[in-house]
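Every letter in the sequence shown is one number past the one before it in the numbering used here, and letter 155, counting from 1, is 437. C-beta atoms are modelled at their ideal positions from N, C-alpha and C, and glycine is treated no differently.
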Amino acid sequence: MVAIIRPRREPHLVRIEPEDRLVVLARTMQARHPEAEAALRDSAVHWTRFGETCLGQALYRHRSVVRSAAEAPVWSHLELSYFRGLIPAEAIVNLVQDPQPAGTDLLRAELLLTTPASFVLPRAWQGSADRPVSLEYIDVQAAHLTEYREVMRRYCGPAAAKLVQANRFGTFRAMETAAVLYRAPAFRIDWNQIHLCEVDAGGFNGFGQEFAAALRDSPDGADIARIFADLDRIRTLPRWTFNDPVVEAEAALAP
283 MVAIIRPRRE
293 PHLVRIEPED
303 RLVVLARTMQ
313 ARHPEAEAAL
323 RDSAVHWTRF
333 GETCLGQALY
343 RHRSVVRSAA
353 EAPVWSHLEL
363 SYFRGLIPAE
373 AIVNLVQDPQ
383 PAGTDLLRAE
393 LLLTTPASFV
403 LPRAWQGSAD
413 RPVSLEYIDV
423 QAAHLTEYRE
433 VMRRYCGPAA
443 AKLVQANRFG
453 TFRAMETAAV
463 LYRAPAFRID
473 WNQIHLCEVD
483 AGGFNGFGQE
493 FAAALRDSPD
503 GADIARIFAD
513 LDRIRTLPRW
523 TFNDPVVEAE
533 AALAP
């Protein structure tokens, strides 16, 4: 079971991951009126207040459900705050513990770590370029997390890199839950991975088909059908949505 972190209010730094992996503070929220979204947008634009370890923030608005295995209501926004190695405790206090803007309900807050070899952006990336943002919320069985991470590192990440290079995907960002900081008592959906990818919705036939094409010339002769069959055995997909970017202020991720 994932531990709940309750940082104290001293201005110390919280070290989440000692290796060269990004730490992401993700907030799942319901903004009940346009003024609430405007407050979230203004907050994300002013991300530099979180200090030099912060690499930017992004805010996405729900557009449509692609697939759902959960009856929980759909939330309106996901916010991602990116940090390199260290998150100032005051950032967690501000984003998680302090009162939210009027009309905004915080449903879940979590710390994510980037999945090894599976967080891919083109150099000088500047945004989604009018492509919808795919957000997959994935729940991997706890006993198979290491196996899943290895499949991502060995197959899915390299395939995604080819697709980003070919501009089939804008980016491919696989992130895994390290700790849940807050969950609203009535929030009845769970996951431990979030995958973000900008795609051309009109010509997109699913990640399996895209990865199969990218892995066709794999030197180890990867059988993508077998790989995805194995993944289906150890994971579920509680929700998959398309989203519109509201703020994309994380250009420092790909200088």
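Which same chain residues, not among the five before or five after residue i, have their C-beta less than 7 Å away from its C-beta?
| i | result |
| --- | --- |
| F451 | A442, L445, C479, E480, V481 |
| L563 | Within the shown structure, residues of the chain are numbered from 283 to 537, placing residue 563 beyond reach of any answer. |
| E492 | L445, R450 |
With a CB to CB cut of under 8 Å and the five nearest residues on each side skipped, what residues in its chain are close to residue i?
| i | result |
| --- | --- |
| Q423 | I516, R517 |
| P293 | Since pLDDT at P293 reaches only 48, below the 50 mark, its modelled position is unreliable, and the value read off the structure follows with that caveat. P370, A371, E372. |
| L337 | L304, Y364, F365, R366, E532, A534, L535 |
| R349 | L519, R521, W522 |
| V306 | L362, S363, Y364, F365, L393, L394, L395, T396, M457 |
Considering residue i, what are the terminal residues of the alpha helix (DSSP H) in which it resides?
| i | result |
| --- | --- |
| S325 | 316-327 |
| E372 | 371-374 |
| E492 | 489-496 |
Start and end of the beta strand (DSSP E) containing residue i?
| i | result |
| --- | --- |
| F524 | 517-531 |
Pull the bridge partners of residue i from the DSSP assignment, please.
| i | result |
| --- | --- |
| L393 | L307, A461 |
| Y419 | I476, R521 |
| Q312 | D387 |
| F451 | V481 |
| A456 | H477 |
What does a CB cutoff of less than 6 Å around residue i pick up in its chain, not counting 5 residues either side in sequence?
| i | result |
| --- | --- |
| I287 | Because the pLDDT of I287 is 44, which lies under 50, any placement of that residue in the model is unreliable, and the question is left without a value. |
| A466 | L389 |
| W256 | This structure cannot settle anything about residue 256, because the visible part of the chain is limited to 283 through 537. |
| E530 | A340, G409 |
The ligand COA and residue i: does the residue's C-beta get closer than 7 Å to at least one heavy atom of that ligand?
| i | result |
| --- | --- |
| A496 | The ligand content of the structure shown is nil, which means the ligand COA is not present either. |
Pairing CB atoms from the region 342-349 with CB atoms from the region 386-393, are three or more of them under 8 Å?
-> Put simply, the region 342-349 does not touch the region 386-393. Fewer than three CB pairs are less than 8 Å apart.
Is it true that the region 426-435 meets the region 408-415, where meeting means three or more beta-carbon pairs spaced less than 8 Å apart?
-> Verdict: no, contact absent.
Secondary structure, beta strand (DSSP E): runs of 3+ residues fully inside the region 337-391 | With a minimum length of 3 residues, the unbroken runs of beta strand (DSSP E) contained wholly in the region 337-391 fall at 359-366, 368-370.
Mind pulling the beta strand (DSSP E) runs of 3 or more residues that sit fully within the region 399-446?
-> Runs of the beta strand (DSSP E) inside the region 399-446: 415-422.
Is the region 397-414 in contact with the region 522-530, if contact means three or more CB pairs nearer than 8 Å?
-> A contact exists between the region 397-414 and the region 522-530.
Three CB pairs or more closer than 8 Å across the region 310-326 and the region 480-498 | These segments do not touch.
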